[in-house]
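A quick write-up on the structure given underneath.
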Amino acid sequence: YTQEFYKNVVKRKLKPDGIFVTQSGPCGHLSHTEVYTTIHNTLRTVFAKVVPYAAHVPSFADTWGWQLCFTEGALAAAKANGGDPLLTQDKLDALIAERFGPDGLSFLDGRTIHGVASLNKGVRKSLENETAIYTVDNPVFIHGSGIKTLV
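The UniProt record's numbering puts the first residue of the sequence shown at 1, with every later residue one more than the last.
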């Protein structure tokens with residue numbers, strides 16, 4: 001999750017108009033400041049646009065967060081096609097139907113995509129106020145980091 005990794009590995013592997021998604025830890029009302037906001041802020045230093053989103057994951061017993069990251073080329077292509085890189089709900093529904101058939105997907109549709117990107121006020125405020133950047137020299141604790149294996 002370091003800035004160096006995103007700049008030197010991920011971004012270099014993407015096409016010029018590429019889009020990258022990464023999970024970024026718990027994003028619940030009480031848990032989002034563990035790593036979610038720092039990862040988001042780190043990604044904002046590398047990508048042209050970062051859209052944070054979240055959904056409840058029962059097996060994690062929390063709301064879980066992801067980041068949808070757009071390269072400069074992907075953002076320019078989105079603007080040329082009407083502006084919002086998330087597209088409209090109708091356009092997303094059409095793309096899902098085209099790819100997965102008339103029944104689409106069981107969970108995801110255009111409305112849901114826009115819904116999961118509508119984070120609560122507390123999370124949005126924390127994202128706005130975050131200043132930390134996750135680097136090799138300034139790592140953020142993530143549960144399980146630093147555990148030595150017996151193998």
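Glycine included, C-beta positions come from ideal geometry on N, C-alpha and C.
query	result
Which listed residue (Q67, L14, V35 and H32) has its alpha carbon closest to that of L43	Q67
Alpha-carbon to alpha-carbon, A77 and P102	27 Å
Closest residue to V140 among Q89, G73, L92 and Y36 (Cα-Cα distance)	Y36
Range covered by the alpha helix (DSSP H) that runs through K79	E72 to A80
Residue(s) in a DSSP beta bridge with I19	F70
Beta-carbon separation (whole angstroms), A54 vs V116, contact threshold 8 Å	6 Å
Integer Cβ distance of H40 from E128, believed to fall under 8 Å	Wrong, their Cβ atoms sit about 10 Å apart, outside the cutoff.
Outcome for L110 when other beta-carbon atoms lying within 10 angstroms are tallied against a minimum of 16	Contrary to the premise, residue 110 reads as Gly rather than Leu in this sequence. Buried: at least 16 other Cβ atoms inside 10 Å.
Inter-residue spacing [alpha-carbon to alpha-carbon] between T149 and P52	Residue confidence for T149 is low, a pLDDT of 47 falling below 50, so the modelled location carries little weight; the figure read from the coordinates is stated next. Rounded to the nearest angstrom, the two C-alpha atoms are 33 Å apart.
Three-way DSSP call (helix, strand, coil) for D62 in this model	strand
For F100 and W106, the rounded distance between their alpha carbons	A quick correction: the sequence has Ser, not Trp, at residue 106. In a straight line, the C-alpha of S106 is about 11 Å away from that of F100.
Pairwise C-alpha distance: F20 and K13	10 Å
Proximity to Q23 [Cα-Cα], best of P16, K15 and H32	H32
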